[in-house]
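Heads up, the thing below is written out as structure tokens.
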């Protein structure tokens, strides 16, 4: 499975959400599409860019994703919609390196999703992955921690080398765990390598049905 992650900057959040829905509805009918979720940023910590949304789309293979993307780019209607909306998409194509694997299909209603974007050079990647494993072991012992997934870029020329996606019961529980001497000791000299986007689920589109699930519907 391939996880296609996009970070969306925009001055018009409702319009950007509508564009995402139009594109994802189209993609959901293509072979190999599994599911897609749009996460809306509710708070950021040391951000590098003003990310309003994070899009996570899961595909059976990189080939399926590339074929669907080509079709989407050739669709005149989608091209007009995207051109009319002030939104910048920054792409990250990654594979799961460690953790439970983020399950888009389960929905995130009722929980907070931490999107941790990691910037570094290639030489620091192995050390970061080792630190992430220690941090995960620490977080597993904290209240309201629900799981984490570390995705590694498939394009080493990308400034973003990892994306860590973690789920927590509440934002308050996350900050309580974060603001501890033990956690900062684990972070060490990686403390400045990330941007955090604390998010809530905005919309989910499942594959093969062209049916859009709102968070309130997922929770039922």
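Residue numbers (our numbering): 490 to 709. Virtual Cβ for every residue (Gly too), placed ideally from N, Cα, C.
Are residue i and residue j touching if we call contact CB-CB under 8 Å?
{"i": "residue 696", "j": "residue 638", "result": "no"}
{"i": "residue 497", "j": "residue 534", "result": "no"}
{"i": "residue 640", "j": "residue 555", "result": "no"}
{"i": "residue 658", "j": "residue 680", "result": "no"}
{"i": "residue 558", "j": "residue 660", "result": "no"}
{"i": "residue 642", "j": "residue 683", "result": "no"}
{"i": "residue 748", "j": "residue 635", "result": "This structure does not reach residue 748, given that the chain is present from 490 up to 709, and the question cannot be answered."}
{"i": "residue 495", "j": "residue 579", "result": "yes"}
{"i": "residue 576", "j": "residue 631", "result": "no"}
{"i": "residue 567", "j": "residue 505", "result": "no"}
{"i": "residue 503", "j": "residue 553", "result": "no"}
{"i": "residue 501", "j": "residue 583", "result": "no"}
Can you find a heavy atom of the ligand GTP that lies under 7 Å from the Cβ of residue i?
{"i": "residue 544", "result": "The ligand GTP is not part of this structure, which contains no ligands at all."}
Can you give me the C-alpha to C-alpha distance between residue i and residue j, rounded to a whole angstrom?
{"i": "residue 606", "j": "residue 562", "result": "27 Å"}
{"i": "residue 530", "j": "residue 685", "result": "10 Å"}
{"i": "residue 551", "j": "residue 653", "result": "20 Å"}
{"i": "residue 690", "j": "residue 527", "result": "6 Å"}
{"i": "residue 703", "j": "residue 693", "result": "Low confidence applies to residue 703: its pLDDT is 40, below 50, so where it sits in the model is not reliable enough to give any reading."}
{"i": "residue 456", "j": "residue 647", "result": "The question about residue 456 has no answer, for the chain in this structure spans 490 to 709."}
{"i": "residue 601", "j": "residue 564", "result": "35 Å"}
{"i": "residue 545", "j": "residue 603", "result": "13 Å"}
{"i": "residue 621", "j": "residue 628", "result": "10 Å"}
{"i": "residue 624", "j": "residue 672", "result": "7 Å"}
{"i": "residue 549", "j": "residue 619", "result": "28 Å"}
{"i": "residue 668", "j": "residue 588", "result": "22 Å"}
{"i": "residue 537", "j": "residue 649", "result": "11 Å"}
{"i": "residue 524", "j": "residue 674", "result": "37 Å"}
{"i": "residue 676", "j": "residue 570", "result": "42 Å"}
{"i": "residue 547", "j": "residue 670", "result": "36 Å"}
{"i": "residue 522", "j": "residue 542", "result": "20 Å"}
{"i": "residue 572", "j": "residue 513", "result": "16 Å"}
{"i": "residue 608", "j": "residue 508", "result": "27 Å"}
{"i": "residue 499", "j": "residue 687", "result": "17 Å"}
{"i": "residue 593", "j": "residue 617", "result": "25 Å"}
Checking the sheet assignment: what are the DSSP bridge partners for residue i?
{"i": "residue 601", "result": "657"}
{"i": "residue 632", "result": "DSSP output for residue 632 lists no bridge partner at all."}
{"i": "residue 641", "result": "584, 651"}
{"i": "residue 497", "result": "542, 578"}
{"i": "residue 533", "result": "686"}
{"i": "residue 492", "result": "547, 583"}
{"i": "residue 528", "result": "543, 690"}
{"i": "residue 679", "result": "Answer by DSSP bridge pairing: none, since residue 679 is not bridged."}
{"i": "residue 593", "result": "BP columns for residue 593 are empty, so no partner."}
{"i": "residue 522", "result": "548"}
{"i": "residue 608", "result": "649"}
Could you give the first and the last residue of the continuous alpha helix (DSSP H) run that contains residue i?
{"i": "residue 684", "result": "Per DSSP, residue 684 belongs to no alpha helix (DSSP H); it is in the beta strand (DSSP E), 683-695."}
{"i": "residue 552", "result": "551-563"}
{"i": "residue 507", "result": "502-517"}
{"i": "residue 671", "result": "670-676"}
Since residue i is in the beta strand (DSSP E), which residue starts that stretch and which ends it?
{"i": "residue 711", "result": "Outside the displayed span of the chain (490 to 709) sits residue 711, for which this structure offers no information."}
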